[in-house]
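The listed protein sequences correspond, in order, to chains A and B. Numbers 1 to 296, taken from my numbering, label the letters of the first sequence in order. Numbers 1001 to 1124, taken from my numbering, label the letters of the second sequence in order. For every residue, glycine included, the Cβ atom is placed at its ideal position computed from N, Cα and C. Predicted, not measured: the structure shown is a model, and the values here were computed from it. Take a look at the structure below.
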Amino acid sequence: MSSPSTTGTSHASRDDTTCAGSPPRQPVSSRHLWQQALNKTLPVMFGYIPLGAAFGVLFTQLPLSPWLGLLMSLVILAGAGQFLAVALLGAGAGITEVFVATLLLNSRHLFYGLSLLERFRAAGLGKLYLIFGLTDETYSLLASLPRSGERDDPVARRDDQRLMLRITFLNQSWWVLGTLLGLAAGQLSFDSSGIEFALTALFVVLGIEQWFALRERWPFMLGLLVTLAGLWLLPEDQLLLGSIAAACALLLGQYHYQRGKQQPHVTPAPRDDHPPHGKSGARRTEHNQASEHTTP
Amino acid sequence: MTTLQALLLIAVSAGATFATRALPFVFLSRHSAHPLILHMGRYLPAIVMVVLIIVSLSAMQLPDMSESAHHISAWQSWLVSAEGAGMLVAALCVAGLHLWRRNALLSIAVGTGLYMAWLQLGGV
């Protein structure tokens, strides 16, 4: 998928803003952004429409107006969270129960925000919608967007935000559309079993894209080890949260360990003592090995 | 349960969900340039992706809450079940195809098609 922002504006230099002579960098056209967002969210569509429909079908079992099911997909926007809410509504749970259960189920999202603080910074009112729409899948897509090296370029930032908003909106649209289908049908009439695999496939693809962006093996090993340990040690309903929380704690520990190690030295520690922060160097040296690497 | 009660519970669920997503932005947005936050922002997505891959592989039955408990707690038998094996093969195909062609839609479509065929044409 080629990004129009790199092809269309490659002539733009860093000091465009100060140099009045050269034309300022043009924002990417809205149509282009919609196309890009549609392209990126198609896999989510294949996952969200059947899952949303499953939610809709489940909701019709409740003695409640179907509009409330639609409302849930509009204002909650959480896969497992909404399934849980249906279960709690059916059981006649109280406010506190719903609040605590939802908070616990979704607390992994705490960690998602951590890695998007910088990216969402300038989004203004749209920021609220971006935060609201931060599902697992949307997070995965947003975190995998090409890291623009031009953080200080306001036009690039703005384009990044416009694209993120469109991706979030389209993902919610697929979820709402699926919900409507499920609510209307009451039951699924076609055999779509297995189509939710699109989301797993999406995570695999985005994981590989992360590998291409980082070129460092340890985060992938860390994630693998932590989750395998979680599969072994944790009950299934805590696997996702537990693994992400543990990985985050390890990341924090690793950061402090690294800093502690670096402080006695005046010069930076040798390269293999810590993950290189200069991306370009690592990319250049490891580029030739790229084709030999298999799944992270 | 009356509609009003349901509305109240939906509002609470929406509020709790939004809270989990918004808390880091509320408390940490002033520190967005802190090296630790940058460190997290750099490496967390890769880790989360691996976690999501494994969790989604092991929890494909999630929408059916009643059965999922049995299904996942028996994860040791996951691999030997036809469904688990099909999923693993399909996931490896996605990975291989993506490393080869690096076309996200192609990798996902082929992998999902494979898995659906496996499931529906008598794999299970």
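Asked	Found
Min CB distance V98 (chain A) to chain B below 8 Å	yes
Cut-off 6 Å between Cβ atoms - residues of its own chain near L321 (chain A), not counting five sequence neighbours on either side	With chain A running from 1 to 296 in the structure shown, residue 321 (chain A) is simply not present.
Whole-angstrom distance between C248 (chain A) and Y1043 (chain B), CA atom to CA atom	10 Å
Neighbourhood of S1107 (chain B) by C-beta, 6 Å cutoff - its chain only, sequence neighbours within 5 removed	V1094, L1097, H1098
Beta-carbon proximity list for L130 (chain A), same chain, < 7 Å, skipping 5 on both sides	F120, A123, M164, L165, T168
Pair within 8 Å by beta-carbon distance, F203 (chain A) and L1052 (chain B)	yes
Chain-ordered chain A contacts of A944 (chain B) [CB-CB under 8 Å]	Examination of residue 944 (chain B) is not possible in this model, given that chain B is present from 1001 through 1124 alone.
Beta-carbon gap between V155 (chain A) and S73 (chain A) smaller than 8 Å	no
Alpha-carbon spacing of T200 (chain A) relative to L1105 (chain B), whole angstroms	13 Å
Unbroken alpha helix (DSSP H) run spanning I95 (chain A), endpoints	95–106
Sequence-distant residues of its chain with Cβ nearer than 6 Å to G230 (chain A) (five each side left out)	L239, G242, S243
Neighbouring residues, chain B, relative to N171 (chain A) (Cβ below 7 Å)	Residues of chain B passing the Cβ test: none, with the nearest at roughly 14 Å.
Cβ-heavy atom distance, V155 (chain A) to the ligand MG, below 7 Å	For the structure depicted, the ligand MG is absent and the ligand set is empty, with no information on it obtainable.
Euclidean distance between Cα positions of T102 (chain A) and L206 (chain A)	27 Å
Close beta carbons around S107 (chain A), own chain, < 7 Å, minus the five adjacent residues each side	L241
Neighbour flag for L114 (chain A) against chain B, beta carbons, 8 Å	yes
CB contact below 8 Å: S140 (chain A) versus chain B	yes
A1109 (chain B) versus R1021 (chain B): straight-line alpha-carbon distance, rounded	30 Å
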